[in-house]
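*Asks:*
Residue numbers (the numbering used here): 1098 to 1548.
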């Protein structure tokens, strides 16, 4: 079997990984290569840019959520000859744990036997770039780094630095090209949670195409394909996904509610669900024939005026939850179910008000354990999750106990027989029994409607 793939990892956040991956995806797509993309870590935003290029969703490869076998499954759940282009997270070795490398891009690379192309920001440096590359190679003897792609570099600097690389490192790691300094109309704007979302950039396609045009003669696609062909077959554990009678699950999706793991959606589809999207920003109601509801996170705080004004959608969501429609509401979705968000009226199903703290709140990986039975399972059900938000609420619930890898803990989330609502984002492919419990509640709700 052969599943060619390569990880594009950065020396740090801001090294140019997303621009590099989008350029490579665009150029490979022009060449007619069969390909898809993945993202290391729990990030939602970068996969939106991959989708803008390819038109298909990405998987998240997160070693906190997934063991080696499940990571391998995600990488091989595609045609054997399809190329997988993977974007790293933060700096290559940056993660968690005692030595700081757990759950890093390096962890994904080593557990999945995937070769790595290091994206190096070349601005303001020359020979020092080679020293940095050597440092990344030697920091771990099994670094897996096979290529280097420079960003923000000139043609003359690339000739000089790539020549020095070849003298010092030979074929151990090879230069695969560079991305020149991009003009303003190619750059992707950012905000407090990282890049702005893809749907918010009206001329995104033009920006991505122009970036690819500028890189068409500076990126060595043949070298990248050779490195990708070196990938060894990963260990694979095929998850046991139960099948049920069909249900319809409504998922909010627009600029306010856009942080939903595609792997969770695909899991529910494999169980038998039909997914129907609706937009609270467009004042669309929950579909009349929905059997379940998911309110993802996103940026509701940027759209409070519209969400308050759109009474039909708010009332529809509130009515669905109060009628007992099984509902999962994460982060921004949890805020939307509250009484107020930044002083604006929301659904009012839950009593809390949400406000901006001006700093990251409870940031990072958590394991949440149910203190009582409810929508997602019995007492003691443990789920892996992630939090990344600047906003907080006056009442965050106490149905679960959350614990970070460093031992810090607190109570969180609201769970009843028909509702899960809280700040933690759930990756349900790592908690299939919880997804199945939610699905069964949707089946029960459908049956009750039929009485």
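Each residue gets a CB set at the ideal place from its N, CA and C atoms; glycine is no exception. On a predicted model such as this, the values are computed, not experimentally measured, just so you know.
For residue 1478 and residue 1338, what's the separation of their Cα atoms in angstroms?
*Replies:* 18 Å
*Asks:* In chain order, which beta strand (DSSP E) runs of at least 3 residues are fully inside the stretch 1400-1487?
*Replies:* 1424-1427 and 1450-1467
*Asks:* DSSP state of residue 1193, grouped into three classes?
*Replies:* strand
*Asks:* Along the chain, which unbroken stretches of the beta strand (DSSP E) at least 3 residues long are found entirely within the stretch 1332-1408?
*Replies:* 1344-1349, 1354-1356, 1370-1375 and 1389-1392
*Asks:* Give me, in chain order, the residues of the same chain whose beta-carbon lies closer than 6 Å to that of residue 1528; leave out the 5 immediate sequence neighbours on both sides.
*Replies:* 1480
*Asks:* Should the stretch 1102-1117 be regarded as contacting the stretch 1180-1193, the criterion being three or more beta carbon pairs within less than 8 Å?
*Replies:* yes
*Asks:* Secondary structure at residue 1108, three-state DSSP: helix, strand or coil?
*Replies:* coil
*Asks:* Give me whichever residues DSSP pairs with residue 1136 in a beta bridge.
*Replies:* 1157 and 1184
*Asks:* By DSSP, does residue 1257 sit in helix, in strand, or in coil?
*Replies:* Looking at residue 1257 - three-state DSSP - the assignment turns out to be helix.
*Asks:* Residue 1244 bridges to which residues according to DSSP?
*Replies:* 1214 and 1271
*Asks:* Could you spell out where the beta strand (DSSP E) holding residue 1516 opens and where it closes?
*Replies:* 1516-1519
*Asks:* By the DSSP assignment, the alpha helix (DSSP H) with residue 1319 in it spans what residues?
*Replies:* 1318-1325
*Asks:* Does residue 1539 come out as helix, strand or coil in the three-state DSSP assignment?
*Replies:* helix
*Asks:* Measuring alpha carbon to alpha carbon, tell me which residue in 1322, 1175 and 1423 is nearest residue 1129.
*Replies:* 1322
*Asks:* Where does residue 1299 fall in DSSP's three states?
*Replies:* Reduced to three states, the DSSP call for residue 1299 is coil.
*Asks:* What would DSSP say about residue 1531, mapped onto helix, strand or coil?
*Replies:* helix
*Asks:* Going by DSSP, what residues sit across from residue 1103 in a beta bridge?
*Replies:* 1182
*Asks:* Are the stretch 1222-1241 and the stretch 1258-1269 in contact at 8 Å, needing three or more beta carbon pairs?
*Replies:* The answer is yes - the stretch 1258-1269 touches the stretch 1222-1241, with three or more Cβ pairs under 8 Å.
*Asks:* Tell me whether residue 1457 is buried or exposed, calling it buried when 16 or more other Cβ atoms sit within 10 Å of its Cβ.
*Replies:* exposed
*Asks:* So if DSSP puts residue 1199 in a beta bridge, which residue, or which two residues, is it bridged to?
*Replies:* 1193
*Asks:* Return the bridge partner residues of residue 1142 from the DSSP annotation.
*Replies:* DSSP lists no partner for residue 1142.
*Asks:* Looking at the structure shown, is residue 1262 part of a helix, part of a strand, or coil, going by DSSP?
*Replies:* Residue state for residue 1262 is assigned as helix, using DSSP reduced to three classes.
*Asks:* What three-state label does DSSP hand residue 1500 in the structure shown?
*Replies:* strand
*Asks:* Can you tell me which of 1241, 1242 and 1438 puts its alpha carbon nearest to the alpha carbon of residue 1489?
*Replies:* 1438
*Asks:* At what residues does the beta strand (DSSP E) containing residue 1509 begin and finish?
*Replies:* 1506-1509
*Asks:* Over the uninterrupted alpha helix (DSSP H) stretch that includes residue 1224, give me the two end residues.
*Replies:* For residue 1224, the enclosing alpha helix (DSSP H) covers residues 1224-1236.
*Asks:* Any chance the stretch 1507-1520 sits against the stretch 1427-1435, with 3 or more Cβ pairs inside 8 Å?
*Replies:* yes
*Asks:* Pairing CB atoms from the stretch 1491-1511 with CB atoms from the stretch 1395-1404, are three or more of them under 8 Å?
*Replies:* No, the stretch 1491-1511 does not touch the stretch 1395-1404.
*Asks:* Going by DSSP, which residues form a beta bridge with residue 1512?
*Replies:* 1517
*Asks:* Just to confirm, are residue 1335 and residue 1170 a CB contact at a threshold of 7 Å?
*Replies:* yes
*Asks:* Would the stretch 1159-1168 and the stretch 1313-1329 be scored as touching if the rule is three or more Cβ pairs under 8 Å?
*Replies:* no
*Asks:* For residue 1117, report the span of its alpha helix (DSSP H) as first-last.
*Replies:* 1114-1128
*Asks:* With a CB to CB cut of under 8 Å and the five nearest residues on each side skipped, what residues in its chain are close to residue 1387?
*Replies:* Contacts found: 1345, 1346, 1347, 1373, 1417 and 1422.
*Asks:* Around the Cβ of residue 1098, are there at least 16 other Cβ atoms within 10 angstroms (buried) or fewer (exposed)?
*Replies:* Confidence is the limiting factor: at residue 1098 the pLDDT is only 49, short of 50, which leaves the residue's position unreliable, though a coordinate-based value still follows. That one is exposed.
*Asks:* Counting only the same chain and skipping the five closest in sequence on each side, list residues whose C-beta sits under 8 Å from that of residue 1530.
*Replies:* 1474 and 1478
*Asks:* Among all the DSSP beta bridges, which residues are the ones paired with residue 1489?
*Replies:* 1452
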